[in-house]
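Listed in order, the protein sequences are those of chains H and W. Numbered by our numbering, the letters in the first sequence go through residues 1 to 143 in order. Numbered by our numbering, the letters in the second sequence go through residues 1001 to 1143 in order. Even for Gly, the Cβ is constructed at its ideal location relative to N, Cα and C.
2 protein chains.
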Amino acid sequence: MDVRQKLKDCGIGITKPRVAILEYLMKQCTHPTVDDIYQALVSEVPTLSRTTVYNVVKLFAEHGLVNTLGIDDRNVCVDGDTTPHGHFFCKECGRIIDVPLTELSAGGFDCDGNMVTEVHLYYKGVCSECMSKRETDESRSPR
Amino acid sequence: MDVRQKLKDCGIGITKPRVAILEYLMKQCTHPTVDDIYQALVSEVPTLSRTTVYNVVKLFAEHGLVNTLGIDDRNVCVDGDTTPHGHFFCKECGRIIDVPLTELSAGGFDCDGNMVTEVHLYYKGVCSECMSKRETDESRSPR
DNA sequence: GAGAAAATTTGTAATAATTACAATTTTTCA
DNA sequence: TGAAAAATTGTAATTATTACAAATTTTCTC
């Protein structure tokens, strides 16, 4: 679906930064930070400011167009894919990998009287690439 | 089990701040922030500094004595209960409530070749208390 | 138990993500 | 087209966390 239409459907006004940011987020699978988004788009939208990226991401999140992840201690990461899935965070390289999850609910249910609107499943550990690197390094300099 | 013994078992030296912090965390069910811990213990350990709390919490987390939660955007919360369970975060009052979860793994498994060492399940929404407050407020000032 | 060596803590200063805010610019709509 | 409303921008403020060197505490040996 067209990005502009998506914004209209949410009652969000159409502006250059918003269109650029949503378009960018929808085609990413890397869960960029606010700074990543800023760096990626500043050449396309030269007047862009980091504050705008913060504002727009917050607005999008409030309307359910994106999810913000707290999986990385350093900074918030933004996910343009709002279908239910979990995330794996590699503590060595910082990469975030999607984890398919059929049994995970999308929220909107009741848990002991508390209303759940968001579900976050975070795995943390060492990704396969960093695991192979570790093994290579060990065989090179054994100890 | 005695807190000192726990520290010894992990190969961690016994010091006043460490004993006080671990004792405090083991009897809390509120998932305190670093600042909460500092505020709670500074009268008991007058020389305590926030930096020490950061250092000690990090050390404990590395040894699996506590878990650090990234559920609250503002700051890290510390959980002295390391048995597998999830968490509910109330977006209105900020309270964190334990969610019992039998089917959730404790980590140490493989996910698409990635080694998972930590599992975090976060629910976010509005807790039952804040829900009742909302209803009361609405009936008082309808609109 | 005293004293030296090692480990730990402490306070301050630095870092970095995020937010507040007022001025400017863009968009909307009559 | 032009005024009103909405959004963006840049700067400055805020705040959690980290770096680091000096001071203190703990440990270990005699």
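Listed from N- to C-terminal order along the chain, which residues in the region 102-136 of chain H have their beta-carbon within a distance smaller than 8 Å of any beta-carbon of chain W? Gly-107, Cys-111, Asp-112, Gly-113, Asn-114, Met-115, Val-116, Thr-117, Glu-118, Val-119, His-120, Leu-121, Tyr-122, Tyr-123, Lys-124, Gly-125, Val-126, Cys-127, Ser-128 and Met-131
Compute the distance between the beta-carbons of Leu-121/H and Gly-80/H, then report whether it is under 9 Å. The Cβ atoms of Leu-121/H and Gly-80/H do not sit closer than 9 Å to each other.
Exposure label - Phe-89/H; buried when at least 16 CB within 10 Å: buried
Under the three-state DSSP convention, the category Val-1076/W falls into: Three-state DSSP puts Val-1076/W in coil, outside helix and strand.
Spatial distance of Gly-64/H from Lys-124/H (CA atoms): 25 Å
Against chain H, which members of the region 1043-1068 of chain W pass a CB distance test of less than 9 Å? Thr-1068
Boundaries of the alpha helix (DSSP H) in which Thr-1051/W is found, first to last residue: Run containing Thr-1051/W: 1050-1062, per the alpha helix (DSSP H) assignment.
Check whether Leu-69/H and Val-78/H have beta carbons under 9 Å apart: yes
Let me make sure I understand the geometry here. Which of Val-119/H, Asn-67/H, Val-99/H and Gly-107/H has the alpha-carbon closest to that of Asp-1110/W? Val-99/H
With the cut-off set at 9 Å, would you say Asn-75/H and Val-34/H are in Cβ contact? The Cβ-Cβ distance between Asn-75/H and Val-34/H falls below 9 Å.
Contact check, Leu-1101/W vs Pro-1084/W, beta carbons under 9 Å: yes
Identify whether Asp-36/H lies in helix, strand or coil by the three-state DSSP scheme. helix
Compare the C-beta of Asp-1036/W with all C-beta atoms of chain H and state if any pair is closer than 9 Å. no
Could you please give me the residues that DSSP links to Cys-90/H through a beta bridge? Gly-125/H
Spatial distance of Ile-1014/W from Cys-93/H (CA atoms): In this model, Ile-1014/W and Cys-93/H are separated by some 33 Å (Cα to Cα).
State the beta-bridge partners of Leu-198/H as determined by DSSP. With chain H represented from 1 up to 143, any question about residue 198/H goes unanswered, as that position is not in the structure.
Pro-1142/W - DSSP class collapsed to helix/strand/coil: Reliability of the predicted coordinates at Pro-1142/W is poor, the pLDDT of 39 falling under 50, and the value obtained from them is presented with this limitation in mind. Note: Pro-1142/W maps to coil in three-state DSSP.
If you run the structure through DSSP and keep just helix, strand and coil, what is Val-1116/W? strand
Could you compute how far the alpha carbon of Cys-1029/W sits from the alpha carbon of Asp-1112/W? 34 Å
Asp-98/H by DSSP, collapsed to three states: which one? strand
Excluding the five sequence neighbours on either side, which residues of its own chain have a C-beta within less than 7 Å of the C-beta of Leu-144/H, listed in chain order? Absent from the model: residue 144/H. The displayed extent of chain H is 1 to 143, so no value can be given.
Hey, how far is the Cα of Ala-20/H from the Cα of Val-45/H? 8 Å
Return the chain-ordered list of same chain residues with a C-beta closer than 8 Å to the C-beta of Arg-1050/W, the five sequence neighbours on each side being excluded. Val-1034, Asp-1035 and Tyr-1038
In its own chain, which residues sit with a C-beta less than 7 Å from the C-beta of Tyr-1054/W, not counting the 5 before and 5 after it? Val-1034
DSSP three-state call for Asp-9/H: helix, strand or coil? helix
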